[in-house]
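Student: So the protein sequences, as listed, match chains Z and B.
Under the UniProt record's numbering, the first residue of the first sequence carries the number 1, and numbering increases by one thereafter.
Under the UniProt record's numbering, the first residue of the second sequence carries the number 1, and numbering increases by one thereafter.
Glycine included, each C-beta is placed from N, C-alpha and C at the ideal position.
Before anything else, here's the structure in question.
2 protein chains.
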Amino acid sequence: MRLSRYFLPILKETPKEAEIVSHRLMLRAGMIRQQSAGIYSWLPLGLRVLRKIERIVEEEQARAGAIQMLMPTLQSADLWRESGRYDAYGKEMLRIQDRHERDMLYGPTNEEMITDIFRSYVRSYKDLPLNLYHIQWKFRDEVRPRFGVMRGREFLMKDAYSFDIDQEKAVESYNRMFVAYLRTYKRMGLTAIPMRAETGPIGGDLSHEFIVLAETGESAVFCHADYLTKDVPGEDLDFNSDLTPIVKDWTSHYAATEDVVDMAEFEGTVPEEKRISARGIEVGQTFYFGTKYSEPMGAKVATSEGTEVPVHMGSYGVGVSRLLGAIIEANHDDEGIIWPASVAPFHVGLINLKPGDELSDGACEALYAKLEAAGIEVLYDDTDTRAGAKFATMDLIGLPFQVVAGPRGLKDGVLEVKDRRTGEKELLSPEATFDKLKAALTV
Amino acid sequence: MRLSRYFLPILKETPKEAEIVSHRLMLRAGMIRQQSAGIYSWLPLGLRVLRKIERIVEEEQARAGAIQMLMPTLQSADLWRESGRYDAYGKEMLRIQDRHERDMLYGPTNEEMITDIFRSYVRSYKDLPLNLYHIQWKFRDEVRPRFGVMRGREFLMKDAYSFDIDQEKAVESYNRMFVAYLRTYKRMGLTAIPMRAETGPIGGDLSHEFIVLAETGESAVFCHADYLTKDVPGEDLDFNSDLTPIVKDWTSHYAATEDVVDMAEFEGTVPEEKRISARGIEVGQTFYFGTKYSEPMGAKVATSEGTEVPVHMGSYGVGVSRLLGAIIEANHDDEGIIWPASVAPFHVGLINLKPGDELSDGACEALYAKLEAAGIEVLYDDTDTRAGAKFATMDLIGLPFQVVAGPRGLKDGVLEVKDRRTGEKELLSPEATFDKLKAALTV
Chain Z
1 MRLSRYFLPI LKETPKEAEI VSHRLMLRAG MIRQQSAGIY SWLPLGLRVL RKIERIVEEE
61 QARAGAIQML MPTLQSADLW RESGRYDAYG KEMLRIQDRH ERDMLYGPTN EEMITDIFRS
121 YVRSYKDLPL NLYHIQWKFR DEVRPRFGVM RGREFLMKDA YSFDIDQEKA VESYNRMFVA
181 YLRTYKRMGL TAIPMRAETG PIGGDLSHEF IVLAETGESA VFCHADYLTK DVPGEDLDFN
241 SDLTPIVKDW TSHYAATEDV VDMAEFEGTV PEEKRISARG IEVGQTFYFG TKYSEPMGAK
301 VATSEGTEVP VHMGSYGVGV SRLLGAIIEA NHDDEGIIWP ASVAPFHVGL INLKPGDELS
361 DGACEALYAK LEAAGIEVLY DDTDTRAGAK FATMDLIGLP FQVVAGPRGL KDGVLEVKDR
421 RTGEKELLSP EATFDKLKAA LTV
Chain B
1 MRLSRYFLPI LKETPKEAEI VSHRLMLRAG MIRQQSAGIY SWLPLGLRVL RKIERIVEEE
61 QARAGAIQML MPTLQSADLW RESGRYDAYG KEMLRIQDRH ERDMLYGPTN EEMITDIFRS
121 YVRSYKDLPL NLYHIQWKFR DEVRPRFGVM RGREFLMKDA YSFDIDQEKA VESYNRMFVA
181 YLRTYKRMGL TAIPMRAETG PIGGDLSHEF IVLAETGESA VFCHADYLTK DVPGEDLDFN
241 SDLTPIVKDW TSHYAATEDV VDMAEFEGTV PEEKRISARG IEVGQTFYFG TKYSEPMGAK
301 VATSEGTEVP VHMGSYGVGV SRLLGAIIEA NHDDEGIIWP ASVAPFHVGL INLKPGDELS
361 DGACEALYAK LEAAGIEVLY DDTDTRAGAK FATMDLIGLP FQVVAGPRGL KDGVLEVKDR
421 RTGEKELLSP EATFDKLKAA LTV
């Protein structure tokens, strides 16, 4: 993408309203724009990251056997009256009346609707296990939305819903999602620790919050330091195999959020030098809640013996839009964002120091074409701006690599290649530049 | 995808509520489910088609220079008060109050919000032309939603917004979108005719509705028959070149919807044997409306002479979710849907006539793996169902090709390959089957 034809509205000043670094950097880097309290537009650069996060979530959901569908944003209040949650949900639910004065709501979550879909079509244990998921905009009318996309009102979530014949099978489904989550966050460059947590309005007995440690996290968390170095299963994992050992390993040490922490247990089971007491950002939560919704809503299946039982359900959320905030909280420095390559909006920032200069234009155009042909995404700064501003913008938006082309270096046949994370710079020929970037950025 | 692990809830009976064939077929093929009047869930098969349509729209928007972003579904009423449309829009606008009793609405369109974004960042003619688009769910509270996704209340639309320094440049932007639309619909197997149309609540002087002819179309249309055979520009078109001749060619003959038709002009300019008087489905609309929003909302840019002028705007919609209905209306027979390959949910339906039989399982697994490795998407029916039901399901869901594997054929070393559109069947070796499908389905 040529910057001269792109829309990248960089802010020079730090927005006053932004209290945390990810919010500040997303506004400054022209990724989002607030439209109302807690409601954002995703500017082109922000949308690219959002889509990359979605793709990783989708790939890992598919790997774990979940099937993608899409439920609407607006729901009928009647469904929520069936489950008993319509009155219970409180003011966070955005309630709406349509022109015929029918009660509707902007979905804050989808247990009722998916249960309704299930009961309309599925009758037999033969169709189980089933795991359906979607990625959709949701709304929670927070009293005080803040921290940018970390705590917005309109936000994008992945939620999956599993259906099984009994608790034992349901735990197998739970484990598949649990392991998928480990892989999902890892691929985004995050270490997410599954912690014991409150189940809140979703309900259920078995639940984990997946927490990324960060100073600006919304809650205090307590866990064993070994979680930070634990291995995550690789691509070759068979999700049809028994995943119990992996889940056991990942829940073997103490890890809990402040809502449920038992300090005596924490201190009793974790050696002092391994105790982490920090703040954390919740990036996902898994629930097994059995028949909480299937019972009142009559979602039943026939067993192999011919009796009818309410189906056992779980739900599994990933905060897709909030993940941008979490990733930036964990990956930035004083100059700006430092994207992990897997979610970077572009892989390479190519800076032409002197547009109009034959040597510079020629080198840039050639490298740009070659990189794009190799599937490497380039933001090519071909604009007529001073060098300092170009460097500052590239550091701010945090693409993994920067390549600088100018008449002086090119007279000696070299480009400057900078690794945004380490800050290391190298002078390389155009060929060596291409080879280096290709090796670093393609699998 | 193995059907045994998929979620494809086929309906045996024709739903009574569905008045038109696309609605009936989408319900029967397990593509959508109505959740409330005019509000649908997209079941896995339906979502796959929706995503393919989105991808085509995105590719053609990018080719024409439009840049993708994403605006939220909910908007502040204040923006609409600035443009004067808040009170004018009527009951189709879904009005909402949040917990702080602020007036909001579920966006039916986004002229106000994009104008607000533009005025916040862009100040100079140097940043023009600019075309920003998004694909987002919208809501129009129709009195009587009907025809499935063709006239739903919550629906997915692409809308692009162009910004130019003057009318001449704005018409160039208009032409780029006009030509992008010709290509977009063509790639989905549709012939869409640009017709003179009313501008309605968007406003403006220059506007075309893109219409697909279909018996079940919502409005009567009148056009010259040559539109049905006119060439659409190929992939090699340079969108930076002068597109006027193409637009002129595509608007040279008479074509108008019933709202604006002048029968005297139609009959006066179109020879009798070329007159088409039919019904049509609107799948997109383009508008140039100049300064209608930029003037009241103060979206101004500095010209090269240093004066300030309100920016000239256009907007360009594609009815993404409604396109599924339009494509099915134009592509079906008595047995079901016949997808064009470009938007088919899967390319091939592979039917194992006797799961458990070593020969059948072996042939199916081998072909399934080979096709998937070649990037051909296969729905593999590995279920234990009778042959008749399998055939009927495959015909109903309308994948471009079916491959049938059974012990009888395999004893002679052959599979049966059926072209869903022509009905032609061939007996081919597994190798020849692969070669045929690869040649037909990959570029």
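Check the Cβ-Cβ distances between Z/R33 and every residue of chain B, and say whether any is below 8 Å.
Tutor: So yes, Z/R33 belongs to the interface.
Student: Could one say the Cβ of Z/F239 lies closer than 8 Å to chain B's Cβ atoms, at least one of them?
Tutor: No, because no Cβ of chain B sits closer than 8 Å to the Cβ of Z/F239.
Student: Output, in chain order, the set of chain B residues within a Cβ distance shorter than 7 Å of Z/Q68.
Tutor: Near Z/Q68 (Cβ distances below 7 Å), the residues of chain B are P44 and L47.
Student: Go to B/S41, then tell me how far its beta strand (DSSP E) extends in each direction, as first and last residue.
Tutor: First-last of the beta strand (DSSP E) with B/S41: I39 to W42.
Student: On the premise that Z/E154 lies in contact with Z/W137, defined as a C-beta separation below 8 Å, what is that separation, rounded to the nearest angstrom?
Tutor: 6 Å between Cβ atoms; contact.
Student: Just checking: is the beta-carbon of B/T442 within a distance shorter than 8 Å of some beta-carbon in chain Z?
Tutor: By this cut-off, B/T442 is not an interface position.
Student: Please list, in chain order, the chain B residues whose beta carbon lies closer than 7 Å to that of Z/L130.
Tutor: The contacting residues are F7.
Student: In chain Z, what lies closer than 9 Å to B/Q75 by C-beta?
Tutor: Under the 9 Å cutoff, chain Z gives Q35, S36 and I39.
Student: Hey, which unbroken runs of the alpha helix (DSSP H) at 4 residues or more fall wholly within the segment 304–350 of chain Z?
Tutor: Whole alpha helix (DSSP H) segments, 4+ residues: 320–330.
Student: Quick one: grab the DSSP three-state call for B/K300.
Tutor: It is a strand residue.
Student: What residues of chain Z sit near B/L399, judged by a beta carbon separation below 9 Å?
Tutor: Within 9 Å Cβ-Cβ: nothing; B/L399 doesn't reach chain Z, min ~17 Å.
Student: To the nearest angstrom, how far is it from the Cα of B/A6 to the Cα of B/A180?
Tutor: Checking the sequence, you will find Tyr at residue 6 of chain B rather than Ala. Each residue's Cα considered, the two are about 35 Å apart.
Student: Determine the burial state of Z/N175: buried for a count of at least 16 other Cβ atoms within 10 Å of its Cβ, exposed for fewer.
Tutor: So Z/N175 ends up on the buried side.
Student: Going by CA-CA distance only, name the one from B/G46, B/L353 and B/Q167 that's closest to B/T291.
Tutor: Of the candidates B/G46, B/L353 and B/Q167, the one whose C-alpha sits nearest the C-alpha of B/T291 is B/Q167.
Student: Relative to chain Z, which residues along the segment 151–180 of chain B have a C-beta separation below 7 Å, given in chain order?
Tutor: Result list: E154.
Student: Ordered along the chain, which non-local residues of its own chain (more than five positions away) have a Cβ less than 6 Å from that of B/M394?
Tutor: G349 and Q402, listed in sequence order.
Student: Could you tell me whether any Cβ in chain B is nearer than 8 Å to the Cβ of Z/G189?
Tutor: Not one chain B Cβ lies under 8 Å of Z/G189.
Student: Report the option in B/D164, B/F239, B/Y40 and B/D141 whose CA atom is closest to the CA atom of B/L182.
Tutor: Checked all of B/D164, B/F239, B/Y40 and B/D141; the closest Cα to B/L182 is B/F239.
Student: If you draw a straight line from the C-alpha of B/M188 to the C-alpha of B/C223, how long is it?
Tutor: Each residue's alpha carbon lies about 22 Å from the other.
Student: What does the alpha-carbon distance come out to for the pair B/V149 and B/R24?
Tutor: Approximately 11 Å, taken between the alpha carbons.
Student: Report the CB separation of Z/L399 from Z/H347 in whole angstroms; it is logged as a contact under 8 Å.
Tutor: At roughly 6 Å, the Cβ-Cβ gap stays under 8 Å, so Z/L399 and Z/H347 are in contact.
Student: What residues match up with Z/L428 in a beta bridge as DSSP calls it?
Tutor: According to DSSP, which records beta bridges pairwise, Z/L428 is partnered with Z/L415.
Student: Name the chain Z residues whose beta carbon is nearer than 8 Å to that of B/Y368?
Tutor: Here the premise fails: no neighbours, minimum Cβ distance about 16 Å.
Student: Quick check: is the beta carbon of Z/M71 nearer than 8 Å to any beta carbon in chain B?
Tutor: It does: the Cβ of Z/M71 has a partner Cβ on chain B nearer than 8 Å.
Student: If you compare alpha carbons, which of B/Q285, B/F118, B/R421 and B/D361 is closest to B/D382?
Tutor: Of the candidates B/Q285, B/F118, B/R421 and B/D361, the one whose C-alpha sits nearest the C-alpha of B/D382 is B/D361.
Student: Tell me which residues of the segment 80–101 of chain B have at least one Cβ-Cβ distance to chain Z shorter than 7 Å, keeping chain order.
Tutor: Those would be K91, L94, I96, D98 and R99, in chain order.
Student: Do residue 456 of chain B and B/G217 have their C-beta atoms within less than 8 Å of each other?
Tutor: For chain B, the structure presents residues 1 to 443; residue 456 of chain B sits outside this window and is missing.
Student: Going straight from the alpha carbon of B/P245 to that of B/P310, what length do you get?
Tutor: So the alpha carbons of these two residues sit roughly 29 Å apart.
Student: Figure out for me which residue from B/F391, B/A29, B/S321 and B/G409 has the closest Cα to the Cα of B/R420.
Tutor: For the residues B/F391, B/A29, B/S321 and B/G409, the minimum Cα distance to B/R420 belongs to B/F391.
Student: State yes or no: is the beta carbon of Z/W137 nearer than 8 Å to at least one beta carbon in chain B?
Tutor: At least one chain B Cβ lies under 8 Å of Z/W137.
Student: Would you mind giving the Cβ-Cβ distance between Z/L324 and Z/V49, rounded to the nearest angstrom? I have them listed as a contact below 8 Å.
Tutor: The pair is a contact, with the Cβ atoms about 6 Å apart (cut-off 8 Å).
Student: Which residues share a DSSP beta bridge with Z/R95?
Tutor: DSSP lists Z/L105 as partners of Z/R95.
Student: Would you call the segment 120–134 of chain Z and the segment 297–304 of chain Z touching, i.e. three or more CB-CB distances under 8 Å?
Tutor: Touching, per the Cβ criterion.
Student: Who are the Cβ neighbours of B/V417 in its own chain at under 6 Å, not counting the five residues just before and after it?
Tutor: Excluding residues within five positions, the ones whose Cβ falls inside 6 Å are V403, E426, L428 and T433.
Student: For Z/V212, write down the residues that DSSP places opposite it in a beta bridge.
Tutor: BP columns for Z/V212 point to Z/A192 and Z/I281.
Student: Can you find the residues in the same chain that come closer than 7 Å, C-beta to C-beta, to B/A18, ignoring five residues on each side of it along the sequence?
Tutor: Cβ neighbours of B/A18 beyond the five flanking positions: R24, L27 and G148.
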